[in-house]
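Numbering-wise, our numbering puts 1032 at position 118 of the sequence shown, and it's gapless, one number per residue. Ideal placement from N, C-alpha and C gives every residue a C-beta, glycine not left out. Everything on this sheet refers to the single structure shown next.
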Amino acid sequence: MALIQARGLSKTFGSKAAVRGLSFDVVPGSVTGFLGPNGAGKSTTMRLMLGLDNGEGVTTYDGVPYRELKQPLRQVGSVLDAKPFHPTRKAVNHLRMLAASNSIPNSRVTDVVNLVGLGDVANAKPKTFSLGMGQRLGLATALLGDPGTLILDEPANGLDPQGVHWLRNMLKTLAGQGRSIFVSSHLLSEMALMADSLVVVGRGTLIASGKMSDFISTSNRNAVLIRVENAELMTRELRARKAAVVTEPDGKLAITGMDSDRVGGLAHELGVRVFELSNREATLEEAFLDATGASEEFRASMGFGNQGAAFGGPMMGQQGYGAQGGYGDQPGQQGGYGGQPGQQGGYGGQPGQQGGYGGQPGQQGGYGQPPPGYGAPPPPPHDTGTSQDGSRRDGDTA
Ligand SMILES: Nc1ncnc2c1ncn2[C@@H]1O[C@H](COP(=O)(O)OP(=O)(O)OP(=O)(O)O)[C@@H](O)[C@H]1O
Ligand SMILES: [Mg+2]
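Following this line, the structure appears as structure tokens:
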């Protein structure tokens, strides 16, 4: 439940600036989604936050940099890589080793293995794991110390639908207990359900940070839709009142810069018959495409054009990109943290048993059921206990 403060994070690879002066906060009691196109610098930022890359800037957890944390696994859990473990060290031994390094009791290893649904394969070697099973082991590692802060890079990658559902509920529950959760994902629909706040980057630069609802509300996809008898007169009168009007393919008028009460009132004043009047709210995906359209590093050429540009909004936050056509003339709102108060309490209890993680009185219950586990995996066909280069490694017998 630490307040994470990232300040001036920068990283250059050769002549390539991967992250440029990134500053943001992740507040306790919320899931903060980290969004950005491929190559935007999300993974690099997370590595910088954990001191795994040499770069500029500083990240503190309640004022303390990661490297100075006494028992980091108990304070900050992280998964940056889908398979961050030795291929032949049994999953349970991998966790026991990490537990010992941070004075975490072995009973907690059993708890987290069951929690992430790997109970049946705890004694298997991770080289036999699928991508999703590897992600689950990574999550078990992150949760081992019952930390108040989690930093997860694409944790849903490779999970099956039940796994994604479980992950979402777990992260929301953990945030509800007052913890700080910082999670990157490309699954925007998932993020829309899970995150309260967002940090959005493009080409290594901050595009927006703050509450998800504020981010979505800045999209020019939000509009009042009206279908009227005399669209020409209505359009003229709306524009005379500084509203922006676009005629949709189905003949409706999409209006920005005037709310639905005033649009309806104006139609009444003009004596224009109204057949339909509604508000259209942007989705997270629309707002994201809107905000990051110009900062895509690797743009696919599919002949459909760029959707973000079609929505035409100005970029948010500090970038100051101009509108690219479309509805267009709404000024972008500045990002900036809404300063959600962190929920206190709920952290620090004893780990619960098998899916009842946390489980302290007065909380919202545990994480719910662990995701469906795996049966014993088939024995690997060439399980010689040797690494890829044929040499035997430490841990082979573990
Ligand atoms: N080890 C490295 N050496 C050279 N360049 C790198 C290295 N790691 C990352 N980069 C570059 O830094 C930029 C940011 O990469 P990063 O992996 O942080 O992006 P990302 O936002 O995590 O992308 P994705 O969504 O694809 O995971 C990219 O242009 C990438 O090519
Ligand atoms: Mg990445």
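For phenylalanine 938, the number of other beta carbons within 10 angstroms of its own is at least 16, and it is reported as buried.
Between the region 938-947 and the region 1085-1099, the count of Cβ pairs shorter than 8 Å is three or higher; the stretches touch. A straight line joining the alpha-carbon of aspartate 1074 with that of arginine 1155 spans about 51 Å. For glutamine 985, no alpha helix (DSSP H) run applies, since DSSP gives it neither H nor E. In terms of Cα proximity to leucine 1139, the closest of Gly1171, Gly1118, Leu1120, Ala1109 is Gly1171.
CA-CA distance, arginine 1022 to serine 1131, rounds to 43 Å. If you draw a straight line from the Cα of alanine 932 to the Cα of leucine 962, it is about 11 Å long. Taking a cut-off of 8 Å on C-beta distances, the region 1050-1059 touches the region 986-996, as three or more cross pairs fall below it. Contact between the region 1027-1041 and the region 996-1006 is present: 3 or more CB-CB pairs across the two stretches fall below 8 Å.
In the DSSP assignment, aspartate 939 forms a beta bridge with Gln919.
The C-beta separation of arginine 1141 from glycine 1165 comes to about 7 Å, placing the pair in contact by the 8 Å criterion. The C-beta distance from arginine 1135 to glutamate 1104 rounds to 20 Å, too long to meet the 8 Å contact threshold. Distance from the CA of leucine 966 to the CA of valine 972, rounded to the nearest whole angstrom, comes to 12 Å. Remark: three or more beta-carbon pairs, one from each stretch, lie closer than 8 Å, so the region 947-960 and the region 1100-1119 are flagged as touching.
Taking 6 Å as the cut-off, one finds at least one heavy atom of ligand 1 near enough to the beta carbon of glycine 953. Judged by beta-carbon spacing, isoleucine 1018 lies beyond the 7 Å limit of tyrosine 975, meaning their Cβ atoms are not closer than that value. In the structure shown, the three-state DSSP call for proline 1040 is helix.
About 6 Å separates the beta carbon of alanine 1054 from that of valine 1027, a gap short enough to meet the 8 Å contact definition.
At a Cβ-Cβ threshold of 7 Å, glycine 1048 and lysine 997 count as neighbours. For glycine 950, the Cβ falls inside the 6 Å cut-off from some heavy atom of ligand 1. The beta-carbon separation of asparagine 1020 and glutamine 985, rounded to 16 Å, does not stay under the 8 Å limit for a contact.
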